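Protein chains: 2
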Amino acid sequence: MATGRTHRPATRSRGIPEATVARLPLYLRALTALSERSVPTVSSEELAAAAGVNSAKLRKDFSYLGSYGTRGVGYDVEYLVYQISRELGLTQDWPVVIVGIGNLGAALANYGGFASRGFRVAALIDADPGMAGKPVAGIPVQHTDELEKIIRDDGVSIGVIATPAGAAQQVCDRLVAAGVTSILNFAPTVLNVPEGVDVRKVDLSIELQILAFHEQRKAGEEAAADGVAPPVAARRQQPSTDQGPDGDVPAVMPA
Amino acid sequence: MATGRTHRPATRSRGIPEATVARLPLYLRALTALSERSVPTVSSEELAAAAGVNSAKLRKDFSYLGSYGTRGVGYDVEYLVYQISRELGLTQDWPVVIVGIGNLGAALANYGGFASRGFRVAALIDADPGMAGKPVAGIPVQHTDELEKIIRDDGVSIGVIATPAGAAQQVCDRLVAAGVTSILNFAPTVLNVPEGVDVRKVDLSIELQILAFHEQRKAGEEAAADGVAPPVAARRQQPSTDQGPDGDVPAVMPA
DNA sequence: TTGTGTGAAGCGCTTCACAGCC
DNA sequence: GGCTGTGAAGCGCTTCACACAA
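Those protein sequence lines, which keep their order, are chains A and B.
In terms of our numbering, the first sequence opens at residue 505 and continues consecutively.
In terms of our numbering, the second sequence opens at residue 505 and continues consecutively.
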């Protein structure tokens, strides 16, 4: 799951399994939608369907947070929204810097989901001097030279890397040196970071490759079970993209 | 991991664990880099470091593919590149449609990692008539009306949804009806799809929320272990973002 | 009666440790 | 001697099934 705490025997973050943490945002999203529709309470079954998981898993997940439900009734939507928000640390506001303002960086800057979830874009940073001052999503782009100052002045602890792969490690090093301890990496590279720094990565190409694997397998199956019409019946919901536990990595190998 | 095959007792895709499949693209990326540097062979230890996993896991992963290494020596880089590519289905070319050409869609269209990995952008599609004909990444944007025709004519089986959340399910339905069986979803919604259709999702906001959780926990620890300097010592590598196994989801709940 | 909360069982993945081959 | 390949053990997550509370 790309989270720090390496070289420690599978510590669970404050007793909450990592898999559960990864699903909390899903529940929160579903609950927020219910809240906007002024739904007062929801059962584990309903909420699970809305979040795309099964209800046993959801109840188990919530049991790690505490007993926030009422037997025979369900969960109070507003209360749960608050509890999960608090658990995720979204009751405070997190300043975030985005480095690399290409198409992807711009998309991230414009992404509304951040502001509404406790994240604030503190700065947009790009290495191209020609970009400096140009507003993206209403925020003027600043040059890489300003990076350290911005991070220190705004107390930024979360950085997003949307640069080309070649620049990612260097940017990462500067972010970490300046005090960033959580990084969301969109560059297709393995980042080396010191202990205590969390890295999550999103790789568009990898997701497609995984799909291709399954697509290929489907094609093979089709050929095998020749003539059998593919049953496109029961509508089902997409299972959640779980972020499993990760392993340790001892040594390094600079790009 | 957001892969189909629901309502089946944890079938492993052709004997290869899902967790392994999710790491194959990582290995492939590392191997490609080695190949470009004309490195002939590599040990499990070296390759594991480059991919950000540990060597035992890597050897186990490769053992599912076959015995492609040489004891006492290591793995032949070119040979492994080929074997993994074949396993992932990247030796054929996959036409892909991207729906929703905002900043994110444009970023995806411009993303070089696709073409180099067996994916071909067959079409860019947007609901805005004003976008029609406008070239993005050298490809003219087409209107949503053309969607079905494009998918059928080009035999597209993989679709990317980069629309706002509100439009995602509708787009999804049309993609599936037209023949798409794998979907990469960037919209922050749970998609309902028929059996046999794979959905993987990428949610930027969710990734940040997971980081916020750990960030908050760090802050708490700091306060607890007051005065103890944070040890920023051993450089380590980021563990891989594993995609764990998923669960079943029986029923539905339309947005 | 309904639906939560949870021990216990089941399952898959990771890690260990070493046999086996170059 | 070095490194792969792999049974076996360990571990965490998921699922089951039911006690218990409203």
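The C-beta atom is built at its ideal place from N, Cα and C for all residues, glycine as well.
Nothing here was measured: the structure is a model prediction, and the numbers come from that model.
A/Tyr615 belongs to the set of residues whose beta carbon lies under 8 Å from a beta carbon in chain B. The shortest CA-to-CA distance from A/Leu528 to any of B/Gln587, B/Leu712, B/Glu540 and B/Ala723 is the one to B/Leu712.
Scanning chain B for C-beta atoms nearer than 8 Å to the C-beta of A/Pro529 yields Asp707, Ser709, Ile710, Gln713 and Ile714, reported in chain order.
Within the stretch 647-663 of chain B, the residues whose Cβ lies closer than 7 Å to any Cβ of chain A are, in chain order, Ser661 and Ile662.
CA-to-CA, the gap between B/Lys705 and A/His718 works out to about 15 Å. Ranked by how close their Cα comes to the Cα of A/Pro521, the residues A/Tyr568, A/Ser542, A/Ser709 and A/Phe623 have A/Tyr568 in first place. Taking the C-beta atoms as reference points, A/Val664 is found no nearer than 8 Å to A/Leu594.
Nearest C-alpha to B/Thr648 among B/Asp702, B/Thr574 and B/Leu628: B/Leu628. Your pair A/Gly570 and A/Leu530 does not check out as a contact, with CB atoms roughly 19 Å apart and the cut at 8 Å. Residues are counted here when their Cβ sits less than 8 Å from a Cβ of chain A; for the stretch 558-579 of chain B these are Asn558 and Lys561, given in chain order. Shown in chain order are the members of the stretch 682-707 of chain B whose Cβ falls below 7 Å from a Cβ of chain A: Thr685, Ser686, Leu688, Pro692, Val694, Leu695, Asn696, Val697, Pro698, Glu699, Gly700, Asp702, Val703, Arg704, Lys705 and Val706. Taken in chain order, the complete alpha helix (DSSP H) segments of 4 residues or longer contained in the stretch 636-716 of chain B are 651-658 and 669-682. For the 8 Å CB-CB criterion, B/Ala716 and B/Ala691 do not form a contact. Residue pairing for B/Ala627: DSSP places it in a beta bridge opposite B/Val601. In its chain, beyond the 5 residues on either side, Gly508, Val680, Val684, Thr685, Ser686 and Ile687 have a beta carbon closer than 8 Å to the beta carbon of B/Val701. For B/Tyr583, the uninterrupted alpha helix (DSSP H) run begins and ends at Val581 to Leu592, by DSSP. Interface residue (Cβ-Cβ distance to chain A less than 8 Å): B/Ala671 is not classified as such. Residue state for A/Gly606 is assigned as coil, using DSSP reduced to three classes. A check of alpha carbon separations from B/Ala619 across B/Ala636, B/Ala631 and B/Val601 identifies B/Val601 as the nearest. Taken residue by residue, none of the stretch 628-640 of chain A has a beta-carbon sitting less than 7 Å from a beta-carbon on chain B. Closer than 8 Å to the CB of B/Gly593 there is at least one CB belonging to chain A.
Listed along chain B, no residue sits closer than 9 Å to A/Gly519 by beta-carbon distance, the nearest being about 11 Å off. Taking C-alpha positions only, B/Leu695 is separated from B/Val675 by approximately 10 Å. For A/Ala626, not one C-beta of chain B is nearer than 8 Å to its own C-beta. Sixteen is the threshold: since fewer than 16 other Cβ atoms of the shown chains lie within 10 Å of the Cβ of B/Arg541, the residue is exposed. In the DSSP assignment, A/Asp565 falls within the alpha helix (DSSP H) that extends over Ser559 to Leu569. For B/Arg575, no alpha helix (DSSP H) encloses it, and the DSSP letter there is neither H nor E.
Listed along chain B are Leu708, each with a C-beta nearer than 7 Å to that of A/Leu612. About 7 Å separates the beta carbon of B/Ala631 from that of B/Ala671, a gap short enough to meet the 8 Å contact definition. Under the Cβ distance rule, B/Leu584 does not count among the residues neighbouring chain A, no pair being separated by less than 8 Å. By the 16-neighbour rule on beta-carbons within 10 angstroms, B/Arg656 is exposed.
In terms of CA proximity to A/Pro633, A/Gly604 leads the group A/Gly604, A/Asp707, A/Arg621 and A/Leu532. Across the structure, B/Ala523 and A/Gly616 are spaced so that their CA atoms are roughly 32 Å apart. The beta-carbon of A/Gln674 is placed no less than 8 Å from the nearest beta-carbon of chain B. Excluding five sequence positions before and after A/Pro644, the CB atoms of its chain that fall closer than 6 Å to its own CB belong to Gly637, given in chain order. In the same chain as B/Leu592, and ignoring 5 residues on each side of it, the C-beta atoms closer than 6 Å to its own belong to Leu528, in chain order.
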